[in-house]
Amino acid sequence: MKNLRFSNNAEAVLAAELPSNPNDPSSSFITVATDGWEDKFAPLEGRYGVDDYLHPNQYPTDAECQLVTLTHESNPGQFEVVAIVRHEFGTAAFDVKRNIEGAPGMSWPIGTSMQARVTAATLDSFMQGSEANVPVVSGGVLSIPGGRFSMSAVPHIGRVFAPSDSVYGVNLTGGSPSAVGVSAFVDLGVAPTIEDLDGYGTYQHGHVYLPASPAGQQYGYNAFDGGSIDYTAESPPLVFSSGGDHSIQLVDGAGELHGVLVAVGLPVNISVPFSGSLVVVEEVGFIADYVTATTKPIVSIGDLDQASTPDATRFANNVSLTQITADGHIHRIPITVGGGMSRTLTFRLDTPATGGSFRGRFYWRGFLVQD
84 MKNLRFSNNA EAVLAAELPS NPNDPSSSFI TVATDGWEDK FAPLEGRYGV DDYLHPNQYP
144 TDAECQLVTL THESNPGQFE VVAIVRHEFG TAAFDVKRNI EGAPGMSWPI GTSMQARVTA
204 ATLDSFMQGS EANVPVVSGG VLSIPGGRFS MSAVPHIGRV FAPSDSVYGV NLTGGSPSAV
264 GVSAFVDLGV APTIEDLDGY GTYQHGHVYL PASPAGQQYG YNAFDGGSID YTAESPPLVF
324 SSGGDHSIQL VDGAGELHGV LVAVGLPVNI SVPFSGSLVV VEEVGFIADY VTATTKPIVS
384 IGDLDQASTP DATRFANNVS LTQITADGHI HRIPITVGGG MSRTLTFRLD TPATGGSFRG
444 RFYWRGFLVQ D
């Protein structure tokens, strides 16, 4: 279901019988008396999803809908909740989905009342939280009790003019927080080799692998569920082609997609373009996930300044990642340079780490400006 829609005190009377037989086409079509109340219900242009036929007790999955309750004096104490999925403003016709909230469809005569009520199941579906589970800000730090919190956004300074208050001169719009982004998972040292020649094995989220036969790429595993996956002989063997970056979907023997092995060409040299925006870089660096290497890698970070002149060392020129000494460490490089804004950032490995893995992701922080 996309969204539930609501109306204030909407009520109408059925102008035609509504049968209970689900095989009767008219059982999913309600006609009401044209007395003005028909336009009190939400206008909807929904459609059923495939799951709606497989799971009849669920709300429509691919459609916005409004829940209404049917009742008639000839059936005292009997109610049925149906979901309106299609209703054109100015008409008395309603396409509905029956048999939801666990109640089977009934036969309803002419004169049945159709009311927009809030049901208990509707209220139970809303997210609630006790005081102990409410996010708390203390000392500038957001704490989420009992779980993780994620937010996805692309803040930017828009192209529109930012007006000011005529009395106080306060800029009313145009403010934007910093945005952050990361590269694919990479190993700046010696990545482990996938042992099985056929490509079977165990893949962990965030781990980086080299194919048994060198193909000019390393592969970072992005698991859709964030976990690991074991491969058996029923799984298709992985095919690593030489030359050019490409990714490989990991599908099990039942055809279920679990994740993607994202290819990064060797030597590591990543470009991160910003479509339709420019970025003002405030900080760059590397977030380490797993470190066993005995020496530090040396990297350069730059850009394609204004999409014209490549400058691969603008923000970091042959910098050794010495701030990283263990798993989970970060090397931060604050940026103070001015000049043109960037359309594409570049992250390059100049000298690999030796003696083991140096696995993680490059990152950038800054704010975006629309063209």
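For the sequence shown, my numbering assigns the number 454 to the last residue and increments by one with no breaks.
Think of the CB as a built atom: it goes at the ideal place given N, C-alpha and C, for glycine as much as any other residue.
Just so we're clear, the structure is a prediction, and the values are computed from it rather than from any experiment.
Looking only at DSSP bridge pairs, what is residue i linked to?
{"i": "residue 356", "result": "427"}
{"i": "residue 343", "result": "305 and 332"}
{"i": "residue 60", "result": "Outside the shown range of the chain (84 to 454) lies residue 60, about which nothing can therefore be said."}
{"i": "residue 393", "result": "387"}
{"i": "residue 379", "result": "Looking at the DSSP assignment, residue 379 forms no beta bridge with any residue, so it has no partner."}
{"i": "residue 432", "result": "382"}
{"i": "residue 197", "result": "95 and 153"}
{"i": "residue 270", "result": "442"}
{"i": "residue 90", "result": "According to DSSP, residue 90 bridges with nothing at all."}
{"i": "residue 414", "result": "369"}
{"i": "residue 374", "result": "441"}
{"i": "residue 162", "result": "None, per the DSSP bridge assignment."}
{"i": "residue 263", "result": "448"}
{"i": "residue 181", "result": "According to DSSP, residue 181 bridges with nothing at all."}
{"i": "residue 364", "result": "449"}
{"i": "residue 112", "result": "178"}
{"i": "residue 101", "result": "191"}
{"i": "residue 403", "result": "381"}
{"i": "residue 167", "result": "149 and 179"}
With a threshold of 16 other CB atoms inside 10 Å of the CB of residue i, please say whether the residue is buried or exposed.
{"i": "residue 435", "result": "buried"}
{"i": "residue 419", "result": "exposed"}
{"i": "residue 180", "result": "buried"}
{"i": "residue 375", "result": "exposed"}
{"i": "residue 415", "result": "exposed"}
{"i": "residue 156", "result": "exposed"}
{"i": "residue 195", "result": "buried"}
{"i": "residue 438", "result": "exposed"}
{"i": "residue 201", "result": "exposed"}
{"i": "residue 160", "result": "exposed"}
{"i": "residue 163", "result": "buried"}
{"i": "residue 261", "result": "exposed"}
{"i": "residue 383", "result": "buried"}
{"i": "residue 182", "result": "buried"}
{"i": "residue 307", "result": "exposed"}
{"i": "residue 251", "result": "Because residue 251 carries a pLDDT of 47, less than 50, the predicted location of this residue cannot be relied on, and no value is offered for it."}
{"i": "residue 172", "result": "exposed"}
{"i": "residue 417", "result": "exposed"}
{"i": "residue 263", "result": "exposed"}
{"i": "residue 197", "result": "buried"}
{"i": "residue 413", "result": "exposed"}
{"i": "residue 393", "result": "exposed"}
{"i": "residue 447", "result": "buried"}
{"i": "residue 316", "result": "Reliability of the predicted coordinates at residue 316 is poor, the pLDDT of 44 falling under 50, and no value is obtained from them."}
Mind checking whether residue i and residue j have CB atoms under 8 Å apart?
{"i": "residue 89", "j": "residue 265", "result": "no"}
{"i": "residue 287", "j": "residue 346", "result": "no"}
{"i": "residue 188", "j": "residue 103", "result": "yes"}
{"i": "residue 124", "j": "residue 167", "result": "yes"}
{"i": "residue 150", "j": "residue 191", "result": "no"}
{"i": "residue 95", "j": "residue 121", "result": "yes"}
{"i": "residue 364", "j": "residue 422", "result": "no"}
{"i": "residue 305", "j": "residue 272", "result": "no"}
{"i": "residue 334", "j": "residue 442", "result": "no"}
{"i": "residue 380", "j": "residue 340", "result": "no"}
{"i": "residue 402", "j": "residue 269", "result": "no"}
{"i": "residue 385", "j": "residue 398", "result": "yes"}
{"i": "residue 344", "j": "residue 373", "result": "no"}
{"i": "residue 440", "j": "residue 274", "result": "yes"}
{"i": "residue 87", "j": "residue 148", "result": "yes"}
{"i": "residue 452", "j": "residue 387", "result": "no"}
{"i": "residue 199", "j": "residue 99", "result": "no"}
Spell out whether any CB of chain B is found under 8 Å from the CB atom of residue i.
{"i": "residue 179", "result": "Given the protein chain composition of this structure (a single chain), no chain B is represented."}
Check your understanding: Given 8 Å as the limit, is there contact between the stretch 354-363 and the stretch 422-434, that is, 3 or more CB pairs closer than that?
Key -> yes
Point to revise | At least three beta-carbon pairs within less than 8 Å, the stretch 114-127 to the stretch 173-193 | key: Yes: the two stretches touch, three or more of their Cβ pairs being nearer than 8 Å.
Practice item. Decide yes or no for the touch test of the stretch 398-415 against the stretch 359-372: beta carbon pairs closer than 8 Å, at least 3 of them. Key: Segments in contact, yes.
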